[in-house]
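Asks: If you're matching positions, the sequence shown starts at 6 in my numbering and goes up one per residue. Cβ coordinates follow ideal geometry from the N, Cα and C atoms, glycine included.
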Amino acid sequence: MSTTNARGYSSFYFHIAYNPELGNFRRFAAYWAKRVHDETAELSACIANLDREIKRFPHLDAQTVLDCPKRTFQEGCPDTQDQYKNVNSRWREYDEALMRYGEVLCMSERIMNFPTQDKFNTKKLRYWTSPHYKPLFDQDEFVPTGEPAKTYKDDPETTDTCAWRAFAHDDFLTNRFLELIPWIDEQILDRWRRLRVRGVKHGEAQLPSTLHYKKIVRTLDTLTCALASGVLVITIGVLKVVRPWSIRIILTCIFGTLFAILLKIMAGSLTRGEVFTATAAFYAVAVVFVSNTDNNYACH
Numbered sequence: 006m007s008t009t010n011a012r013g014y015s016s017f018y019f020h021i022a023y024n025p026e027l028g029n030f031r032r033f034a035a036y037w038a039k040r041v042h043d044e045t046a047e048l049s050a051c052i053a054n055l056d057r058e059i060k061r062f063p064h065l066d067a068q069t070v071l072d073c074p075k076r077t078f079q080e081g082c083p084d085t086q087d088q089y090k091n092v093n094s095r096w097r098e099y100d101e102a103l104m105r106y107g108e109v110l111c112m113s114e115r116i117m118n119f120p121t122q123d124k125f126n127t128k129k130l131r132y133w134t135s136p137h138y139k140p141l142f143d144q145d146e147f148v149p150t151g152e153p154a155k156t157y158k159d160d161p162e163t164t165d166t167c168a169w170r171a172f173a174h175d176d177f178l179t180n181r182f183l184e185l186i187p188w189i190d191e192q193i194l195d196r197w198r199r200l201r202v203r204g205v206k207h208g209e210a211q212l213p214s215t216l217h218y219k220k221i222v223r224t225l226d227t228l229t230c231a232l233a234s235g236v237l238v239i240t241i242g243v244l245k246v247v248r249p250w251s252i253r254i255i256l257t258c259i260f261g262t263l264f265a266i267l268l269k270i271m272a273g274s275l276t277r278g279e280v281f282t283a284t285a286a287f288y289a290v291a292v293v294f295v296s297n298t299d300n301n302y303a304c305h
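#1: Kindly list the residues whose CB is nearer than 7 Å to the CB of Ala-265, restricted to its own chain and excluding five residues on each side of it in sequence; keep chain order.
#2: What separation, rounded to the nearest whole angstrom, lies between the Cα atoms of Val-247 and Asp-123?
#3: Can you say whether Lys-75 is buried or exposed, counting buried as having 16 or more other CB atoms within 10 angstroms of its CB?
#4: Could you name the residues of the same chain whose beta carbon sits closer than 6 Å to that of Val-109, not counting the 5 residues immediately before and after it, in chain order?
#5: Contact check, Gly-28 vs Thr-166 under 8 Å by CB: the rounded distance?
#6: Please determine, among Gln-68, Ala-34, Asp-100, the residue with the shortest C-alpha to C-alpha distance to Ser-113.
#7: Thr-240 and Ala-291 look like a contact to me (Cβ under 8 Å); what is the Cβ gap, rounded to whole Å?
#8: For Ser-274, report the span of its alpha helix (DSSP H) as first-last.
#9: Ignore the nearest five residues each way along the sequence and tell me which others in Val-92's own chain have a CB closer than 6 Å to its CB.
#10: Which term fits Val-295, buried or exposed, when burial requires 16 or more other beta carbons within 10 angstroms of its beta carbon?
#11: Tell me, which residues are paired with Thr-121 by DSSP?
#12: Taking the DSSP output, what are the residues bridged to Glu-146?
#13: Measuring CA to CA, which of Arg-115, Cys-258, Leu-183, Ala-22 is closest to Leu-306?
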């Protein structure tokens, strides 16, 4: 299938623009490495040529371009005189080669540091269809670019497929939830959307998904806030009921450990110091509560 004849894929590119976590191109690492090497060799040749020309003019009092300020060169070798035409040409070639080298080096560094497409969006891309229900992959070909389909279907670590932007959250809970999204979207949300849109039966073309990553993160953030408060309230409630000092200490340790584990699972990529600080604050509240209630019991 020729990519020049493929039409109806404009929605695919709009889809990528609004979902920059989705992989959309390949990092041609070997070619970028060659381009950087080519520009390095070109710049080295230009520097050598310019140094030879500079040595021909003793009044510049320089052996290399590093010894010759540009203003001194422009005043000592004006481009308007024929005898300096060649050295000025060499200087311009050196300037252009230096700029090209810097641009290629910076561009290749930025490209090579793009995040790898996550496995969730690899699967999402695999099953994407345009509004006209044309397949994105046809006869083992990725139609928009003509690349082999396996480039985008296989594991991202081996295909080297990149994304413009990585997920902001990389915690255990979000990652596990993302793995369940295709099933939730197909088995639950898609059925709900079909109830709202008459005339579309199950098994026909899938309606556009309304389950976006930002909505998932907002939901999980709200759940995290509620759970953090809930753990503390439950801890205080249990300690309020339990009287023996030794059992209170054991329960405080259990709930504190549970809080630290939930914090690491739900709160994202926290450092060890942040986990330690939050857990210490939790223990501080629990210990103050236990001490105050024990004093009240002692008074009674």
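Replies: Let's see:
#1: Taken in chain order, the residues that qualify are Val-280, Thr-284.
#2: When rounded, the distance between both Cα atoms is 47 Å.
#3: With fewer than 16 other Cβ atoms within 10 Å, it is exposed.
#4: Excluding residues up to 5 positions away in sequence, Arg-40, Val-41, Glu-44 lie with their Cβ nearer than 6 Å to the Cβ of Val-109 in the same chain.
#5: Indeed they touch by this definition, with Cβ atoms about 4 Å apart.
#6: Closest option to Ser-113, Cα to Cα, is Ala-34.
#7: At roughly 6 Å, the Cβ-Cβ gap stays under 8 Å, so Thr-240 and Ala-291 are in contact.
#8: Taken as a continuous stretch (DSSP letters only), Ser-274 belongs to no alpha helix (DSSP H), as it is neither H nor E.
#9: Hits under 6 Å: Glu-58, Cys-82.
#10: Note on Val-295: 16 or more other CB atoms within 10 angstroms of its CB, so buried under the neighbour-count rule.
#11: Residue pairing from DSSP places Thr-121 in a beta bridge opposite Cys-167.
#12: Glu-146 pairs with Pro-153.
#13: Because the chain spans 6 through 305 in this model, residue 306 falls outside it and cannot be assessed.
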